[in-house]
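With the UniProt record's numbering applied, the sequence shown corresponds to residues 1 to 294, in that order. Below is one structure, written out as structure tokens; comments come after it.
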Amino acid sequence: MGTSGHEHDHDHDHEHEHQGGGGTRSMTIRRVSLPAFETALAAATGQDVPALEGAWAELERAEIASGGTLRPSWARVLAAAPGAPVQVRVVARQDLVSFESDIALLPGIALVRTQRVRLRATAEGYEPAGREGAVELVAVDPEQLWAAVRRVLPPHEALRAAAHVTPLSRERHLAPPRGVAEDLRRRVEADPLGRTPGAVLESAVDDPELSAVLAGGEAQVALTVLARTGADVAVPVGSGHWVLADEHLCAVRTASGTPDVVGVEPGDVAAQLRYLVTGAHALVDEAITGQVGA
């Protein structure tokens, strides 16, 4: 979706076959302008369809529509995506480019919608400087979710590696000082691409590796997972935040209330995503069982 910062592995549109250890898997990939996507979403969800010049022609070229209406497969997935039982958001940054992906996990299919964002650096993080006027849509079997997610991550093996849980004995804890830790907790909760101001680092942090991580490193990945347990109830399941600094991967963990910066091995991003998505599905199943038994 661009050439600055990190790029997608594939920039085509239509079906792609990927060969891997698990055999052949396919993704359906489309790239359309934002007006065309908004037109398709409005049509699928029964909203007033905006009269945007050329939108339907573009959707037909992308094989999302035919004869002035959405193709049934796209109509179904676009209509169901806003209320998907499990939803994931991934924000990934390399230098001054980020990719924001919203993922709807539906029975039998996952839809990944990604937009590229140009960033400007600030003292405490990064803010949007401009959004690309296009979105990429990837439809994939939920079993292949990681294959779809990894293509929007920065091109570093530490971030894109297959799921691997770092043994506790090999984790490296880089404990931030108390004042810095509190700033880190607030920052991570408020902004997935935040960073500790340089003035704070210079006065409070002596460890060069920890300082590089807190400053944001060269790449960051943040994800959050929600489970929809009722018509209007979306339960936060968990989140993850990683920083790659000098090719060392660190996870920023805040679940305990006290922020911890932990050096982890490649595969931690995929493992955490798998863990959280599994937990989200369990919550959804539990809610459905409770509703049936009520």
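Think of the CB as a built atom: it goes at the ideal place given N, C-alpha and C, for glycine as much as any other residue. No experiment lies behind these values; they were computed from the predicted model shown.
query                                                                                                                                                             : result
Helix, strand or coil, according to DSSP, for HIS164 in the structure here?                                                                                       : coil
Determine, using beta carbons only, whether ALA36 and ALA51 come nearer to each other than 8 Å.                                                                   : no
Count the other CB atoms, across all protein chains shown, that sit within 10 Å of the CB of GLY290; report buried if there are 16 or more and exposed otherwise. : exposed
Is the region 59-70 touching the region 212-220 in the sense that three or more CB pairs, one from each, lie closer than 8 Å?                                     : no
Let's see if you can read the secondary structure: which residues bound the alpha helix (DSSP H) around GLU60?                                                    : 55-61
At the 8 Å Cβ level, is ALA62 part of the contact set with chain D, yes or no?                                                                                    : Among the chains of the structure shown, chain D does not appear; only one protein chain is present.
To test your reading of the DSSP string, which unbroken alpha helix (DSSP H) runs of 4 or more residues are found completely within the region 36-123?            : 55-61 and 72-80
Between the beta-carbon of GLU265 and the beta-carbon of THR166, is there less than 8 Å?                                                                          : yes
Which residue from ASP191, HIS281, THR45 and ASP268 puts its Cα closest to that of GLU171?                                                                        : ASP268
I'd like the list of long-range same chain contacts for THR122, defined as Cβ closer than 7 Å, with 5 residues on each side in sequence excluded.                 : none
Determine whether the beta carbon atoms of VAL112 and VAL138 lie at a separation below 8 Å.                                                                       : yes
Once you ignore the five residues that flank TYR275 on each side, which residues in its own chain have a CB closer than 7 Å to its CB?                            : none
Go ahead and pull the three-state DSSP assignment for LEU153.                                                                                                     : coil
Which word fits VAL88, buried or exposed, when buried means at least 16 other C-beta atoms lie within 10 angstroms of its C-beta?                                 : buried
Using 8 Å for Cβ pairs, my map puts VAL252 next to VAL237. What's the rounded Cβ distance?                                                                        : Wrong, their Cβ atoms sit about 18 Å apart, outside the cutoff.
Exposed or buried, ILE103, counting other C-beta atoms within 10 Å across all chains shown (16 or more means buried)?                                             : buried
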